[in-house]
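Asker: Pasting a structure below so you can have a look.
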Amino acid sequence: MSRPRRPRRPAAPRPARRRAPASVLRAGPAEFAAALPELLGFPPVESLVVVCLGGVGRPDRRVSLHVRLDLLAAEHDREVARRVVAHLRRLRPAGALLFVVTENPDDQVSSIRPDHRQPARPRADATARPTVPDLPRRGLVQQLVEELAALGTATVDALLVRGGRWWSYPDVEPATGAGPGTPLDVAGSRLTGVAALHGDVVDADRDAVVARAWPTAPVSAELELACVRVDAQWDVRLRRGGDVSELVEEGWAAVRAAVDAYAPGSRTTPAVEDLALVGVALALVPVRDRALALAAGEDDDLRAAVEAMGADLNARLPGELAAVPALLLGVTAWQRGAGVLAVAAVERSLWCEPTSMGELLLQAMRANAEPAVLRAAMADPEHAGAA
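Residue 52 is where the sequence shown starts when you use this note's numbering, and the numbers rise one by one after that.
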């Protein structure tokens with residue numbers, strides 16, 4: 052059917068219901084270490100994780116951003132530290148927690164440290180002089196601490212996570228050895244409990260997170276026929292001189308009803324015809340823009356409902372109608388820090404239907420743009436050049 056391509060300014064979103072801010076630093080670094088799978092959406096393996104606290108316009112005791120990347124060879128430590136901190140220059144966090152997740156054994160380092168201010172380094176001739184075990188990747192941690200200090204960011208703590216245990220780099224001196232470490236207390240972590248309360252999903256690994264955005268199950272024949280039927284009905288109405296604005300309002304009402312049905316705690320299950328109507332309605336640019344404005348709002352429950360709707364429709368609708376639901380999934384996932392899922396969902400959206408809005412969002416995500424940047428673009432997509 053013929054669809055309008057000129058976006059309309061979205062209706063003003065309803066006032067957000069803000070939750071009372073929690074002081075995440077009531078949880079210590081050990082609790083963050085235990086909750087890394089919940090924080091990232093999957094258990095990190097051979098990874099560096101940087102959790103940022105505060106920053107421009109943010110309380111110093113709130114998590115503002117987290118970054119994960121694969122561990123590289125030790126000779127790249129300085130360049131890795133520079134690149135990680137370069138992503139944080141605009142945010143300028145007040146503090147940071149560093150986590151090295153690896154199963155590598157302890158490094159063997161010289162027991163003699165002429166300069167106590169420098170990290171102990173492995174020796175090529177370890178058999179020639181006495182050695183002691185030290186935590187692996189201390190050089191990477193030291194480089195990050197120095198780069199963060201130059202940015203004005205304090206390192207709250209730096210932890211090694213290995214084999215279900217953790218060690219604090221500042222507390223381990225090679226002169227006394229690495230020691231047995233402390234078991235991760237997953238059950239006692241308040242962050243893990245909060246994640247479970249919010250229904251956060253922890254996938255088996257990074258590939259499983261990406262797979263959530265790329266459905267493999269075929270579209271049901273019933274839903275596919277319902278989409279064709281709704282699309283044909285709307286096309287007939289337009290050909291008979293129907294008002295496009297009426298279709299937009301009708302479609303938007305269907306979308307809002309679906310969002311309510313997907314809200315946390317809701318027991319409503321949308322019918323197949325309702326899903327088809329929402330899928331066709333979201334293909335209209337004005338409806339899409341209003342939905343994106345909801346996805347970028349500050350109401351946690353509303354964003355959760357939009358994400359659940361986007362995930363379900365992306366998985367169930369035909370490919371030609373899944374582009375906008377995948378976009379909604381990507382925007383909401385990025386807002387809560389699920390970067391892997393967000394990028395995968397936007398890539399899926401562009402695969403279904405290339406759009407300038409999708410390209411804009413993908414570029415912003417790959418550049419590690421702050422959620423506030425996306426909120427600004429979604430709040431006024433007409434001036435963002437979206438189509």
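For every residue, glycine included, the Cβ atom is placed at its ideal position computed from N, Cα and C.
1. May I ask you to verify whether the stretch 115-129 touches the stretch 141-148, counting CB pairs closer than 8 Å and requiring at least 3?
2. Any idea if V331 is buried or exposed, counting beta-carbon neighbours within 10 angstroms, 16 or more meaning buried?
3. For the putative contact between V100 and V160, defined by C-beta atoms under 8 Å, what is the C-beta separation to the nearest angstrom?
4. Would you kindly report the start and end of the unbroken alpha helix (DSSP H) that includes R307?
5. Under DSSP, the alpha helix (DSSP H) around W218 begins and ends at which residues?
6. Rank V107, V310, S219, E224 by C-alpha distance to the C-alpha of D185 and give the top, closest one.
7. Entirely within the stretch 96-131 and at least 4 residues each: give me those alpha helix (DSSP H) ranges in chain order.
8. Which residue's Cα is closest to the Cα of V183: P156, R134, D282, E89?
9. Q193: buried (16+ other C-beta within 10 angstroms of its C-beta) or exposed?
10. Please go through the same chain and pick out, in chain order, the residues whose beta-carbon is closer than 6 Å to the beta-carbon of C103, but skip the five residues on each side of it.
11. Tell me which same chain residues have a C-beta within less than 6 Å of the C-beta of H249, skipping the five on either side of it?
12. What is the C-beta distance between A393 and G381, in whole angstroms, given that I count them as a contact (C-beta under 8 Å)?
13. Roughly how many whole angstroms lie between the Cα atoms of E349 and G390?
14. Skipping 5 residues on each side, what residues in its chain have a beta carbon closer than 8 Å to that of E198?
15. Within a Cβ cutoff of 7 Å, which residues of the same chain sit near T319, ignoring the five residues on either side of it in sequence?
16. What residue from L353, R307, E130, S219 has the CA that sits closest to P315's CA?
17. Tell me the rounded alpha-carbon separation between L210 and A124.
18. Is D286 near A81, with beta carbons less than 8 Å apart?
19. Three-state secondary structure (DSSP) at A161?
20. Starting from the C-beta of R188, find all residues in its chain whose C-beta is less than 6 Å away, skip the five residues before and the five after it, and write them out in chain order.
21. Should R291 be labelled buried (16 or more other beta-carbon atoms within 10 Å of its own) or exposed?
22. Just to confirm the assignment, what range does the beta strand (DSSP E) spanning T182 have?
23. For P376, which residues from the same chain have a beta carbon less than 6 Å from its beta carbon, with the 5 sequence-adjacent residues on both sides left out?
24. Just tell me which of D121, G370, T383, A238 has its CA closest to the CA of P266.
25. Hey, quick one: how far does the alpha helix (DSSP H) through G361 stretch, first residue to last?
Answerer: If we stick to the structure as given:
1. Taking a contact to require three or more Cβ pairs closer than 8 Å, the stretch 115-129 and the stretch 141-148 qualify as touching.
2. Buried.
3. With 8 Å as the limit, V100 and V160 do not qualify as a contact, their Cβ atoms being about 24 Å apart.
4. 295-312 is the span of the alpha helix (DSSP H), which, as asked, contains R307.
5. Counting along the chain, W218 falls outside any alpha helix (DSSP H), though it belongs to the beta strand (DSSP E) covering 216-219.
6. Taking only the C-alpha atoms, the option nearest D185 is E224.
7. The qualifying runs do not exist here; there are none.
8. Proximity to V183 across P156, R134, D282, E89 peaks at P156, based on C-alpha coordinates.
9. The Cβ neighbour count for Q193, taken over all protein chains shown within 10 Å, is at least 16; the residue is labelled buried.
10. Excluding positions up to five away in sequence, the list reads S115, L116, P144, A147.
11. Residue placement at H249 is flagged as unreliable, the pLDDT there being 49, under the threshold of 50; the coordinate-derived value follows with that caveat. Within the same chain, and ignoring the five residues on either side of H249 in sequence, no residue has its Cβ closer than 6 Å to its Cβ.
12. Indeed, because the Cβ distance is near 5 Å, the residues count as touching under 8 Å.
13. Cα to Cα, the separation comes out at about 18 Å.
14. Shown here for E198: same chain residues with a beta carbon closer than 8 Å to its own, the five before and five after excluded, namely A132, R133, V135, V136 in chain order.
15. Once the five neighbours on either side are set aside, the close Cβ partners of T319 are A312.
16. Looking at the Cα atoms, L353 is the closest of the given residues.
17. One Cα belongs to L210, the other to A124, and the distance between them is close to 19 Å.
18. Not in contact: D286 and A81 (Cβ atoms no closer than 8 Å).
19. Correcting the residue type first, residue 161 is Ser in the shown sequence and not Ala. DSSP places S161 in strand when its eight states are reduced to three.
20. Closer than 6 Å at Cβ, skipping near neighbours: V151.
21. With fewer than 16 neighbouring CB atoms inside 10 Å of its own CB, R291 falls in the exposed class.
22. Looking at the DSSP string, the run of the beta strand (DSSP E) that includes T182 is 182-185.
23. Shown here for P376: same chain residues with a beta carbon closer than 6 Å to its own, the five before and five after excluded, namely G361, L364, N365 in chain order.
24. The shortest C-alpha separation from P266 is found at G370.
25. G361 -> alpha helix (DSSP H) spans 351-367.
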